[in-house]
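Start counting the sequence shown at 1338; every next residue gets the next number (my numbering).
Ideal Cβ placement from N, Cα and C applies to all residues, glycine included.
Since the structure comes first, as structure tokens, the remarks are kept for the end.
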Amino acid sequence: MREPFERVPNVCADSARSIDNVTIPDVAPRTSVVDNQPAQRDGTLQAGDLTNGSLSSASWLEGLQRDDSACMVYTYASTFSTNYTASNLVGAGRILGKMLSRSGTSLERYLGKLAYRAGLGSYAKAEESLKLAGPVDELMKSDSTTKIEQACSILLRYARSSNPAIQIMTFERIVYFYVHVPSRFCSAFKDYFEKKQEVIDVIPFSWKLPGVDYCLEWMYYYKLASRCLLNHSSSIMEASIRISTSHQLSLGFSDFEEILANCRDATDLLLALRFIYRFWDGEGIKEYVEKKGFNHPNITKFAIALIAQCEVYISQCAQPTQYISVGLPLRGMAKFMIGLWESLGQLDAEDLDKFSEETHITIWIEVLKLHRILRRNNYLTWIRALAKTWTELCHEWLPGPERSKLREKLLRLEESDVDA
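Structure below.
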């Protein structure tokens, strides 16, 4: 059995793009590997809806960047007063204002570094408090209601910090607790807000400050941490608690079906992805496809989330050597892709005909995107699923004249305008 606070890779690269206003539509169950005709709507995502723009991997990063620019809010003093050195005003004072602003920022950064090295700055204190197996971890692990309440109070105080770096560190810890101890996290914050008589829904708004140009990383963790608080009574949380308390060392892909099915937007899906990485043994993709079909929404959601994770992480300009250390789940991605290729290669004659005639092969569009993204980084090609070109994979898994029609269909995808 895993220790609830064991060290796992940080998925800062969990690369998220978030568009909370995107709602995932309903979908119908599947009856065969290639059947994508809906019989009835059952509250999950239909694969075809993805291609119609309801939720696409390409929109996540842009959506997060739009949220970032929307955070630029000027105060009354900077826009309407006689502060002629405000950097957003037109005129000679604008240049002087920018110079003073940059000088002040540089000085503040320098003094902050000195304080950090001496262990005196606010960041150094927050880092000591929030570190793994540090004071907040110990408080959250305690059986004392008072100590757990203190942990919640500390996390919320640091989340309201005026220092974005401290906020990012705090948001990461909130997400960590949500993923690793969902039951304790849920009850702790529920009891805390009830005792304080505070409305959970409005708390995250206090974390954003006017006039601050937040980076993409901040926006990403802000979205995730905010959702952690709001999801305390959701179906996703309930399913996560059941899995985390099942005492199973590892789980197959089908064990996460309920969690994926209840993801209603991108942020839910990215949190689910973190939880899945904690418990998934990398197995079960082939069996799931055989039972549910290639275009089942859970398969498509998972593929899109993997793409999002890669793209946002890569957008942070991380060095190649950092990919493993931050927990980019390369082996999980390889298992996912190989499982799909194996399932495709084992289609019988009847399913081959059906699949070849399909007009929607959403999952393979996403697989091609993921393949392209990862192959751009040639240091990842040690993974078998990435070492070969798309053409080579098509010929390897779909050999022979009886598979030529499907093979050609997938080969034409590479020639199409598929963004990746």
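DSSP on residue i, reduced to helix/strand/coil?
{"i": "Leu1588", "result": "strand"}
{"i": "Ser1418", "result": "A caution first: Ser1418 carries a pLDDT of 34, below 50, which makes its placement in the model unreliable, though a value can still be read off. In this structure, Ser1418 counts as coil in the three-state DSSP scheme."}
{"i": "Thr1658", "result": "Model confidence at Thr1658 stands at a pLDDT of 48, short of 50, so the residue's coordinates are unreliable; what they give is reported in the following sentence. Here Thr1658 sits in coil by DSSP."}
For residue i, which residues from the same chain have a beta carbon less than 7 Å from its beta carbon, with the 5 sequence-adjacent residues on both sides left out?
{"i": "Arg1510", "result": "Leu1467, Val1473, Leu1492"}
{"i": "Ser1577", "result": "Pro1519, Ile1596, Phe1612"}
{"i": "Ser1499", "result": "Leu1546"}
{"i": "Asp1592", "result": "Ile1580"}
{"i": "Tyr1559", "result": "Phe1508, Trp1544"}
{"i": "Ala1642", "result": "Leu1606, Leu1607, Leu1610"}
Counting only the same chain and skipping the five closest in sequence on each side, list residues whose C-beta sits under 6 Å from that of residue i.
{"i": "Arg1744", "result": "Cys1731, Leu1735"}
{"i": "Lys1484", "result": "Leu1476"}
{"i": "Cys1600", "result": "Leu1606, Ala1609"}
{"i": "Pro1738", "result": "none"}
{"i": "Gly1682", "result": "Trp1734"}
{"i": "Ala1488", "result": "Val1473, Leu1476, Met1477"}
{"i": "Asp1618", "result": "Ser1587"}
{"i": "Phe1590", "result": "Gly1621, Ile1622, Tyr1625"}
{"i": "Ile1636", "result": "Ile1700"}
{"i": "Arg1521", "result": "none"}
{"i": "Ile1698", "result": "none"}
Measure the Cβ-Cβ separation of residue i and residue j and say whether it is below 8 Å.
{"i": "Trp1678", "j": "Leu1747", "result": "no"}
{"i": "Phe1616", "j": "Ser1587", "result": "yes"}
{"i": "Trp1727", "j": "Leu1707", "result": "no"}
{"i": "Tyr1529", "j": "Glu1594", "result": "no"}
{"i": "Asp1538", "j": "Leu1567", "result": "yes"}
With a cut-off of 8 Å on the beta carbons, I'd call residue i and residue j a contact; round off their distance for me.
{"i": "Ile1644", "j": "Glu1703", "result": "6 Å"}
{"i": "Thr1604", "j": "Arg1564", "result": "5 Å"}
{"i": "Ile1503", "j": "Tyr1460", "result": "6 Å"}
{"i": "Val1512", "j": "Leu1561", "result": "5 Å"}
{"i": "Arg1749", "j": "Leu1689", "result": "Not quite, the Cβ-Cβ distance comes to about 17 Å (not below 8 Å), so this is no contact."}
{"i": "Ala1496", "j": "Trp1544", "result": "5 Å"}
{"i": "Glu1648", "j": "Ile1710", "result": "7 Å"}
To which residues of the same chain is residue i closer than 8 Å at the C-beta, ignoring the five residues directly before and after it?
{"i": "Ser1693", "result": "Lys1742, Leu1743, Lys1746"}
{"i": "Ile1573", "result": "Ile1596, Asn1599, Cys1600, Asp1605, Leu1608, Ala1609"}
{"i": "Pro1501", "result": "Val1549, Tyr1551, Cys1552, Trp1555"}
When every heavy atom of the ligand SAH is checked, does at least one fall within less than 7 Å of the C-beta of residue i?
{"i": "Asn1568", "result": "Here there are no bound small molecules, and the ligand SAH is not part of this structure."}
Spell out a yes or no on whether the stretch 1621-1633 and the stretch 1666-1680 are touching, meaning 3 or more CB-CB pairs, one atom from each, closer than 8 Å.
-> As far as the Cβ criterion goes, the stretch 1621-1633 touches the stretch 1666-1680, which means the pair count is three or higher.
Can we say the stretch 1544-1560 touches the stretch 1570-1585, given the rule of at least three CB pairs closer than 8 Å?
-> Touching, no, given that fewer than three Cβ pairs across the two stretches are closer than 8 Å.
Between the stretch 1631-1646 and the stretch 1522-1541, are three or more C-beta pairs nearer than 8 Å?
-> Contact fails: fewer than three Cβ-Cβ distances are below 8 Å.
Touching or not, the stretch 1470-1487 and the stretch 1508-1526, by the rule of three or more beta carbon pairs under 8 Å?
-> The stretch 1470-1487 makes contact with the stretch 1508-1526: 3 or more CB pairs, one atom from each, lie closer than 8 Å.
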